[in-house]
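To start, the structure itself, in structure tokens.
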Amino acid sequence: MRPRPLSIWTDRIATVKENGLTISGDYRYFGFEVTDVTNGKTEAVRYCEDQSKGYSKEISTKKVLRTQPSDKDFILYTLQAAKDSRGDWQVQKQSWRKGDASCVQG
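Start counting the sequence shown at 1; every next residue gets the next number (the numbering used here).
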């Protein structure tokens, strides 16, 4: 059985915390768009994330690890979702691409 997107993010957050880090700053999400709906049971969604003002932060020292902004701070996410037996939408697959031209701003 392949890992579900939620468990992937839960594991990622746990790893970051084990490394003594958390996040700080602002993360902005924009450009939400449903790109494909098939028979009302599956859909594809895309959106952008701006991480240019978001940083890692050391938990023990509270030091913010600032980075130089770049196009790679803009990430295009694509989700594929399907309705489960109760009719709730569940993400089945997620992908992302850093520096995608459709998301880069400023």
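Ideal placement from N, C-alpha and C gives every residue a C-beta, glycine not left out.
Straight-line gap, R86 to I59 (C-alpha atoms, nearest Å): The C-alpha of I59 is placed about 40 Å away from the C-alpha of R86.
Bridge-paired residues (DSSP) for G25: In DSSP, G25 forms a bridge with G54.
Sequence-distant residues of the same chain with beta carbon closer than 6 Å to R97, five excluded per side: Within the same chain, R97 has close Cβ partners L76.
Assumed close pair L79, K57 - CB separation to whole angstroms, cut-off 8 Å: Your pair L79 and K57 does not check out as a contact, with CB atoms roughly 27 Å apart and the cut at 8 Å.
Inter-residue spacing [alpha-carbon to alpha-carbon] between R2 and E43: Residue placement at R2 is poorly supported in this model, since its pLDDT is 47, which falls under 50; the coordinates are not used for a value here.
C-alpha distance - E18 paired with Y55, whole-angstrom precision: One C-alpha to the other measures close to 17 Å.
D36 - DSSP class collapsed to helix/strand/coil: If DSSP states are grouped into helix, strand and coil, D36 belongs with the strands.
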